[in-house]
Amino acid sequence: MKEINIIGMGMSEKTLTAEALELIIEADILIGAKRLINEFSHMNKPSFNAYLSNDILEIIEETDAEKIAILVSGDVGFYSAAEKLVDVLKDYHPNLISGISSVSYFFAKCSLPWKDANLISCHGLDTNIVSSVRRNRFTFALTGKNIPELQKELVKYGFGDLKVWVGENLGSDEESIQESSISELAGKQFSSLTVLIIENPDFDSRIITGIPDEEFIRGKVPMTKSEVRAVCLSKLSINPDDVAYDIGCGTGSVTIEMAFSAYDGKVYAFDKNEEAIDLLN
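To convert, take the position in the sequence shown, counting from 1, and add 53; that gives the numbering used here.
Right, here's the structure in full:
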């Protein structure tokens with residue numbers, strides 16, 4: 054049977070583990086994104102520029118090579134292409150070779166601990182970075198070209214003064230690391246290979262229920278009382294990543310408490326009363 058190793062490349066060839074390098078040297082062919090396989094062009098091995106799982110499967114099915122190295126960036130266990138590859142290539146029983154992740158690499162570069170950090174990806178995913186920053190001392194975020202949008206969102210919710218570390222092109226000759234406030238990122242352009250560490254020393258991870266009634270702007274709109282809200286939320290047992298609907302939301306008091314529970318999910322509020330809609334806005 055063909056020996057297939059899915060190898061985490063770390064940040065670059067410079068951060069490759071000894072085990073990974075040995076398997077690459079022993080491989081008959083290399084498969085991966087162009088920027089990854091180009092790092093080993095000096096080995097003069099047959100190489101295939103492919104990163105989609107089905108394309109990689111097709112190459113493996115057609116090749117006579119016995120030892121195959123599939124190169125993926127970072128670590129195989131952190132938002133990696135390896136996850137889907139393992140499923141697509143399950144009949145070949147591929148081996149996973151871990152690499153140095155951008156998380157451990159960047160936290161070390163910034164001389165920060167990451168044992169309590171919340172790790173998220175904002176790269177092509179619908180992720181609530183505001184919730185993560187509100188609830189955690191450190192948030193590590195993978196980004197794409199969306200830092201301007203993330204910056205505006207964080208400033209909008211009052212986090213503009215928080216400290217942020219920005220790492221671009223980590224591990225490469227173009228590596229850049231800078232420290233600033235979130236507000237100071239406004240108007241700046243960054244590489245698509247950029248990660249963030251955001252520190253919130255005043256984070257609050259509580260799930261709040263039974264907010265006092267007087268905290269809400271009510272007008273003439275009906276409102277569910279504090280004690281009833283607390284019981285309702287207890288009965289609902291909302292999970293952090295749930296999607297919840299508050300139909301006939303009134304002042305939005307239940308909506309807000311749902312959002313504290315579904316902090317990684319979505320909460321939608323509906324009402325036909327125009328005054329209620331104005332309150333929500």
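Ideal placement from N, C-alpha and C gives every residue a C-beta, glycine not left out. Remember, it's a predicted structure, so these values are computed and weren't measured experimentally.
Item	Value
Along the chain, where does the alpha helix (DSSP H) that runs through N292 open and close?	Note, N292: premise wrong, no alpha helix (DSSP H); not H, not E.
Tell whether a beta-carbon distance below 9 Å holds between M64 and I78.	no
Please check the pair V274 and G303, which I expect to be a contact at CB under 8 Å, by giving their CB distance rounded to whole angstroms.	5 Å
Where does V281 fall in DSSP's three states?	helix
Is the number of C-beta pairs between the region 79-90 and the region 169-180 that are closer than 8 Å three or more?	no
Can you list, in chain order, the residues of its chain whose CB lies under 7 Å from that of T180, leaving out five sequence neighbours each side?	I173 and S174
When you compare each of S306, D255, V248 and G305 to Y158 by their alpha carbons, which one comes out closest?	V248
So H60 packs on I200, CB below 8 Å; how close in whole Å?	Sequence check: residue 60 is Ile here, not His. Contact flag wrong, Cβ pair sits at about 29 Å.
What residue ranges within the region 87-155 form continuous alpha helix (DSSP H) runs of no fewer than 4 residues, ordered along the chain?	87-90, 106-115 and 135-141
Would you list the one or two residues that DSSP bridges to N171?	T192
Where Y321 and A312 are concerned, what is the direct C-alpha to C-alpha distance, given to the nearest angstrom?	9 Å
So what's Y76 in DSSP terms, helix, strand or just coil?	The sequence given here has Leu at residue 76, not Tyr. L76: helix per DSSP, three-state reduction.
The beta strand (DSSP E) that contains K216, what's its start and end?	K216 to E221
With C235 and W218 assumed to form a contact (beta carbons below 8 Å), what rounded beta-carbon distance in angstroms separates them?	Just to set this straight, residue 235 is Ile in the shown sequence, not Cys. Their Cβ separation, rounded to whole angstroms, is 11 Å, which puts I235 and W218 out of contact at 8 Å.
Got a sec? Which residues, its chain only, sit under 8 Å from M276 by beta carbon, not counting five neighbours each side?	D266, F269, G303, T304 and S306
My output table needs one value for Q204: the three-state DSSP class, helix, strand or coil.	helix
Under 9 Å between the Cβ atoms of I251 and K205?	no
From the DSSP output, read off the bridge partner residues of E327.	Looking at the DSSP assignment, E327 forms no beta bridge with any residue, so it has no partner.
Is the beta carbon of I90 sitting closer than 9 Å to the one on L142?	no
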